[in-house]
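Asker: One structure, pasted below without further comment.
Protein chains: 2
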Amino acid sequence: MERRTFLRTGFAAGAATIAPVPLQGMSWLFDPRHAQDGTIRLSSNENPLGLAPVARQAVLDGREEANRYPGASRRALLDVLAPYLDVPEDRLFFGAGSTEMLRVAVQAWSAPNARLVLATPTFEDVPGYSRPFPYQVDAVPLTADYAHDLGRMREIVDSSAHPAIVYICNPNNPTGTLTSSADVDAWIRASSDRTLFLVDEAYLEYANDPGYWSAQPWTADRTNVIVVRTFSKIYAMAGMRLGYGIAHPKTVRRLQPFLTRNNPNHMAAVAAIASLGDSELVGRSVGVNSRAKAILHGCLDDLGLEYLPTHTNFLMHRISGELRTYIDRMAEAGIRVGRPFPPMLEYNRLSFGLPEEMERFAETLRGFRSRGWV
Amino acid sequence: MERRTFLRTGFAAGAATIAPVPLQGMSWLFDPRHAQDGTIRLSSNENPLGLAPVARQAVLDGREEANRYPGASRRALLDVLAPYLDVPEDRLFFGAGSTEMLRVAVQAWSAPNARLVLATPTFEDVPGYSRPFPYQVDAVPLTADYAHDLGRMREIVDSSAHPAIVYICNPNNPTGTLTSSADVDAWIRASSDRTLFLVDEAYLEYANDPGYWSAQPWTADRTNVIVVRTFSKIYAMAGMRLGYGIAHPKTVRRLQPFLTRNNPNHMAAVAAIASLGDSELVGRSVGVNSRAKAILHGCLDDLGLEYLPTHTNFLMHRISGELRTYIDRMAEAGIRVGRPFPPMLEYNRLSFGLPEEMERFAETLRGFRSRGWV
Chain A
815 MERRTFLRTG FAAGAATIAP VPLQGMSWLF DPRHAQDGTI RLSSNENPLG LAPVARQAVL
875 DGREEANRYP GASRRALLDV LAPYLDVPED RLFFGAGSTE MLRVAVQAWS APNARLVLAT
935 PTFEDVPGYS RPFPYQVDAV PLTADYAHDL GRMREIVDSS AHPAIVYICN PNNPTGTLTS
995 SADVDAWIRA SSDRTLFLVD EAYLEYANDP GYWSAQPWTA DRTNVIVVRT FSKIYAMAGM
1055 RLGYGIAHPK TVRRLQPFLT RNNPNHMAAV AAIASLGDSE LVGRSVGVNS RAKAILHGCL
1115 DDLGLEYLPT HTNFLMHRIS GELRTYIDRM AEAGIRVGRP FPPMLEYNRL SFGLPEEMER
1175 FAETLRGFRS RGWV
Chain B
815 MERRTFLRTG FAAGAATIAP VPLQGMSWLF DPRHAQDGTI RLSSNENPLG LAPVARQAVL
875 DGREEANRYP GASRRALLDV LAPYLDVPED RLFFGAGSTE MLRVAVQAWS APNARLVLAT
935 PTFEDVPGYS RPFPYQVDAV PLTADYAHDL GRMREIVDSS AHPAIVYICN PNNPTGTLTS
995 SADVDAWIRA SSDRTLFLVD EAYLEYANDP GYWSAQPWTA DRTNVIVVRT FSKIYAMAGM
1055 RLGYGIAHPK TVRRLQPFLT RNNPNHMAAV AAIASLGDSE LVGRSVGVNS RAKAILHGCL
1115 DDLGLEYLPT HTNFLMHRIS GELRTYIDRM AEAGIRVGRP FPPMLEYNRL SFGLPEEMER
1175 FAETLRGFRS RGWV
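If you read the sequences in order, they're chains A and B. Going by the numbering used here, the first sequence opens with residue 815, and the numbers climb by one from there. Going by the numbering used here, the second sequence opens with residue 815, and the numbers climb by one from there.
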């Protein structure tokens, strides 16, 4: 059995017997509509403010050292980020976006009969990375209020004697909703090392709710918690590919050989250092996000289109009719909206742009209503 | 047995039983001497010319889209690189440096009892990435003329019924020497799919020898050849982290789920596109490299210090005495030279800098001789 699962991912039987891994869920990465053609991008949860002015300057200056391996800029980033987070540097690790942290966790914890327990819908990268490995993937529907169903997830973990990764995306992508941090804490407190908690906090800085906080403190003593963060969202650096993980030093050491070496790239490192030094950056990003959200809420309320409460830079709203048709009509109107997130195919995920972009979206949506499309 | 090897890399037995993977061979990445302190860096095979002017401009312009995921710049890079290499785009894949290509090959081909056959000394990243996996690593000494000992490597592969990765770094790092491409071709021609040839051509553009050519043509029909290239060397983009692989489309599909998603980063992509459009870039890099090499050869000949013939942007030369002492003395003189590459501890690896930097190195080395240090 172990041998069979190994063979499935391995080489031994020759290439002819190895089925190519399907790329479903990745094709949108290559969508030519990503090109710069004047389309408004409300599709990928990007920060519409763009690089902070200090980061723009850092990139300009950083060109001088772009021919050198990034050891020095990595060192400098650690020197800034560790005190910023109040975490010793041996609990930090970097990657090309938070997605690299997710990749290494999935790879390093792979074992025969291991479970991967996650929500549906949630961020697709974790199940994507698990495909070549012998994980049993359990996708648990969100609760009625769009939280992770921790009770059901825990039942699955407890029903098995095998190791498990529990992926908790909090706030959750694509729903924008929260899972009670107290409930997450309770489970972690009661857990054994057999269960790895992979907690994705990509949208942490947008959330402002008394029931929500980071899982970071657990990494001081627990080896079974990995917290994942990114510079793609609040810091507007999605193109530069910089994420970081926080974990116990033992866990960092276990993950290290799975990381691509010589990360992070120099330009991302210098832009991040500069951005962390801009004390108003987070406030600016949150502020423009709130204004965009208010415009969108107003429009959806006017049209009577239900939407989920959001703690991020996007939300899910109801559409009527077929989602693919809706997406195509928006594209024809010059607006890229979210991709389908099964099983929630009666909802569109919309990322927040600049206020003027949200006004244009609102106007377009009202036009759809006037034609009976939503 | 399979279960035991799986457990070694897995999670099942609880974290306490899992030995942390040693980080030997990685510590130099975090060496504080990588900092910008006026030291001459002749240590990491970087291109001293820095980013090409067109790439510098591309980075400046690229800041406008740095908040967006790199789908569009990836698309644009494929549109330029595929015709440049005369390779259909389904045979290309990108990563954060050529090291990511090496990582995914090692990970995707892992299987119980698989062999990893490589030279010693050679580039350390491949054995580094193999550590968590159940590879049997066979490090085969170079021949008397510092080529890969393909005969001995082939005996090892043929003596086993198990799959194998054969890593061929050509030209070889750290020696700068070539392995006959005709001999490589002969082995590939006779090989079965059980043997994966991972051919690292990071220094391809520096080599100019009638017995040397790329293994790229094999990827048209063979699924068991992966060619790895980089923008770090001839294109002077080491800090920006961009490499690419060339392989059969089936092989690309097999590697894909091991790659970090959303690669490459936007800044590297736009810099690479611009650099590929600069028809004089390769010539400039080769030219300055030749001048540096001539200065160094002159000095080493004067001092009677033996050196290996090089087809790259570095060479290995003899020292007398202890290598660590030599490295430290050079550092005190403000010159970072190569790290130790066992078993060749009677040699220093020296990367080529600008001609004026090589003059300073030569002067320093003559000073060492006058003190009896070399």
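Where is the CB? At the ideal position from N, CA and C, for every residue including glycine.
Measure the alpha-carbon distance for A/Ala961 versus A/Gly1152 and round it to whole angstroms.
Answerer: Counting from 1 along the first sequence, the entry for residue 961 of chain A is found at position 147. Counting from 1 along the first sequence, the entry for residue 1152 of chain A is found at position 338. The straight-line gap from Cα to Cα measures roughly 20 Å.
Asker: Would you kindly report the start and end of the unbroken alpha helix (DSSP H) that includes B/Asn1103?
Answerer: The sequence position of residue 1103 of chain B within the second sequence is 289, counting from 1. B/Asn1103 -> alpha helix (DSSP H) spans Leu1095 to Leu1117.
Asker: In the DSSP assignment, what residue or residues form a beta bridge with B/His1080?
Answerer: Position 266 of the second sequence, counted from the start, is the residue given in the question as residue 1080 of chain B. Answer is none; B/His1080 lacks a bridge partner.
Asker: So that I know if they touch, is there some Cβ in chain A lying closer than 8 Å to that of B/Arg945?
Answerer: As a working mapping, residue 945 of chain B is identified with position 131 in the second sequence. It does; some Cβ of chain A falls within 8 Å.
Asker: Just tell me which of A/Ala869, A/Thr1065 and A/Ser995 has its CA closest to the CA of A/Pro1024.
Answerer: Walking along the first sequence from the start, residue 1024 of chain A turns up at place 210. If we check each option's Cα against that of A/Pro1024, A/Ser995 comes out closest.
Asker: Quick one: is A/Leu1159 buried, meaning 16 or more other Cβ sit within 10 Å of its Cβ, or exposed?
Answerer: Here residue 1159 of chain A corresponds to residue number 345 of the first sequence, with the count starting at 1. With fewer than 16 other Cβ atoms within 10 Å, it is exposed.
Asker: Tell me which residues of the region 951–970 of chain A have at least one Cβ-Cβ distance to chain B shorter than 8 Å, keeping chain order.
Answerer: Of all residues in the region 951–970 of chain A, none has a C-beta nearer than 8 Å to a C-beta of chain B.
Asker: For B/His1080, go through chain A and note every residue whose CB falls closer than 7 Å to its CB, in chain order.
Answerer: In the second sequence, counting from the first residue as 1, residue 1080 of chain B sits at position 266. Per Cβ cutoff of 7 Å: Gly1053 and Met1054.
Asker: Can you look up B/Thr1178 in the DSSP assignment and give me helix, strand or coil?
Answerer: Along the second sequence, read from residue 1 onward, the residue named residue 1178 of chain B stands at position 364. B/Thr1178 falls in the helix class under three-state DSSP.
Asker: Determine contact between the region 876–888 of chain A and the region 1076–1088 of chain A, defined as no fewer than three beta-carbon pairs at a distance below 8 Å.
Answerer: yes
Asker: Could you please give the first and the last residue of the uninterrupted alpha helix (DSSP H) stretch that includes A/Pro884?
Answerer: For this step, residue 884 of chain A is matched to residue 70 along the first sequence. Looking at the DSSP string, A/Pro884 is not in any alpha helix (DSSP H), and its letter there is neither H nor E.
Asker: Secondary structure at A/Ser841, three-state DSSP: helix, strand or coil?
Answerer: Reading the first sequence from its first residue, position 27 is the one you call residue 841 of chain A. Because the pLDDT of A/Ser841 is 33, which lies under 50, any placement of that residue in the model is unreliable, and the number read from its coordinates should be weighed accordingly. The answer is helix: DSSP assigns A/Ser841 an H, G or I state.
Asker: What did DSSP end up calling B/Ala978 once you bin it into helix, strand or coil?
Answerer: Here residue 978 of chain B refers to the residue found at position 164 when the second sequence is read from its first residue. Shown here, B/Ala978 sits in a strand according to DSSP, grouped into three states.
Asker: Output the distance between the C-alpha atoms of A/Gln1070 and A/Leu1179, rounded to the nearest integer angstrom.
Answerer: What you label residue 1070 of chain A is simply residue 256 of the first sequence in a count that begins at 1. What you label residue 1179 of chain A is simply residue 365 of the first sequence in a count that begins at 1. If you take the alpha carbons of A/Gln1070 and A/Leu1179, they lie about 47 Å apart.
Asker: Is B/Val1151 helix, strand or coil when you go by DSSP?
Answerer: Position 337 of the second sequence holds residue 1151 of chain B. If DSSP states are grouped into helix, strand and coil, B/Val1151 belongs with coil.
Asker: A/Asp1035 CB to nearest chain B CB: under 8 Å?
Answerer: On the first sequence, residue 1035 of chain A is found 221 positions in, with the first residue counted as 1. Cβ-Cβ to chain B under 8 Å: no for A/Asp1035.
Asker: Please tell me whether B/Ser858 has its Cβ less than 8 Å away from any Cβ of chain A.
Answerer: Counting from 1 along the second sequence, the entry for residue 858 of chain B is found at position 44. At least one chain A Cβ lies under 8 Å of B/Ser858.
Asker: From the DSSP output, in three-state form, read off A/Ala1002 for me.
Answerer: If you number the first sequence from 1, residue 1002 of chain A lands on position 188. It is Ile, not Ala, that sits at residue 1002 of chain A in the sequence shown. Helix at A/Ile1002.
Asker: So what does DSSP say about B/Leu865, is it helix, strand or coil?
Answerer: Taking the second sequence and counting its residues from 1, the one referred to as residue 865 of chain B is at position 51. Coil, per DSSP.
Asker: Given that a residue counts as buried once 16 or more other Cβ atoms are within 10 Å of its Cβ, and exposed if not, what is B/Ser1093?
Answerer: The residue labelled residue 1093 of chain B in the question sits at position 279 within the second sequence. So B/Ser1093 counts as exposed.
Asker: When you compare each of A/Gly1097, A/Glu1015 and A/Asp972 to A/Val1042 by their alpha carbons, which one comes out closest?
Answerer: Indexing the first sequence from 1 puts residue 1042 of chain A at position 228. Considering only alpha carbons, the answer is A/Glu1015.
Asker: Indicate the three-state DSSP secondary structure (helix, strand or coil) for A/Asp1007 in the structure shown.
Answerer: Position 193 of the first sequence, counting from 1, holds the residue named residue 1007 of chain A. In this structure, A/Asp1007 counts as coil in the three-state DSSP scheme.
Asker: B/His1125 and B/Tyr1017 - do their beta-carbons sit closer together than 8 Å?
Answerer: Stepping through the second sequence from its first residue, residue 1017 of chain B is reached at position 203. Stepping through the second sequence from its first residue, residue 1125 of chain B is reached at position 311. For B/Tyr1017 and B/His1125, yes; Cβs fall inside 8 Å.
Asker: Thinking C-alpha only, which one of A/Phe1072, A/Ser1099, A/Arg1174 and A/Arg1185 is nearest B/Ala922?
Answerer: Against the second sequence, residue 922 of chain B aligns to sequence position 108. It is A/Phe1072.
Asker: Spatial neighbours of A/Tyr1026 within its chain, please: C-beta separation below 6 Å, excluding the five flanking residues on both sides.
Answerer: Here residue 1026 of chain A corresponds to residue number 212 of the first sequence, with the count starting at 1. Closer than 6 Å at Cβ, skipping near neighbours: Leu992 and Ser995.
Asker: Give a yes or no on whether 8 Å exceeds the smallest Cβ distance from B/Ala1061 to chain A.
Answerer: For this step, residue 1061 of chain B is matched to residue 247 along the second sequence. Cβ-Cβ to chain A under 8 Å: no for B/Ala1061.
Asker: Is it buried or exposed for A/Ala1189, if we count other Cβ within 10 angstroms and need 16 for buried?
Answerer: Residue 1189 of chain A lies beyond the stretch modelled for chain A, which goes from 815 to 1188, so this question has no answer here.
Asker: Looking only at its own chain, which residues have a Cβ that is under 6 Å from the Cβ of B/Phe907, when we skip the five neighbours before and after it?
Answerer: Indexing the second sequence from 1 puts residue 907 of chain B at position 93. Cβ neighbours of B/Phe907 beyond the five flanking positions: Gly1059 and Val1066.
Asker: Let me see if you follow: with CB-CB separation under 8 Å, is A/Ala896 close to chain B or not?
Answerer: Position 82 of the first sequence, counting from 1, holds the residue named residue 896 of chain A. Judged by the 8 Å Cβ criterion, A/Ala896 is not in contact with chain B.
Asker: Going by the DSSP bridge assignment, what does A/Val1041 pair with across the sheet?
Answerer: Indexing the first sequence from 1 puts residue 1041 of chain A at position 227. DSSP lists A/Val1013 and A/Ile1060 as partners of A/Val1041.
Asker: Once you ignore the five residues that flank B/His976 on each side, which residues in its own chain have a CB closer than 7 Å to its CB?
Answerer: If you number the second sequence from 1, residue 976 of chain B lands on position 162. Sequence-distant partners of B/His976 (beyond 5 residues in either direction) whose C-beta falls short of 7 Å from its own C-beta, in its chain, are Asn927, Ala928 and Arg929.
Asker: The ligand NAP heavy atoms versus the CB of B/Gly852: any closer than 7 Å?
Answerer: For the structure depicted, the ligand NAP is absent and the ligand set is empty, with no information on it obtainable.
Asker: If A/Pro935 and A/Pro988 are in contact, beta carbons under 8 Å, what's the gap, nearest whole angstrom?
Answerer: Locating residue 935 of chain A in the first sequence gives position 121, counting from the first residue. Locating residue 988 of chain A in the first sequence gives position 174, counting from the first residue. 6 Å between Cβ atoms; contact.
Asker: Which residue comes first and which comes last in the beta strand (DSSP E) that contains A/Gln950?
Answerer: Numbered from its first residue, the first sequence carries residue 950 of chain A at position 136. Run containing A/Gln950: Gln950 to Pro955, per the beta strand (DSSP E) assignment.
Asker: If the cut is a Cβ gap below 7 Å, which residues of chain A does B/Leu874 touch?
Answerer: Taking the second sequence and counting its residues from 1, the one referred to as residue 874 of chain B is at position 60. Chain A residues near B/Leu874: Leu874.
Asker: Tell me whether A/Tyr1020 is buried or exposed, calling it buried when 16 or more other Cβ atoms sit within 10 Å of its Cβ.
Answerer: Position 206 of the first sequence holds residue 1020 of chain A. Answer is buried; the Cβ neighbour count reaches 16.
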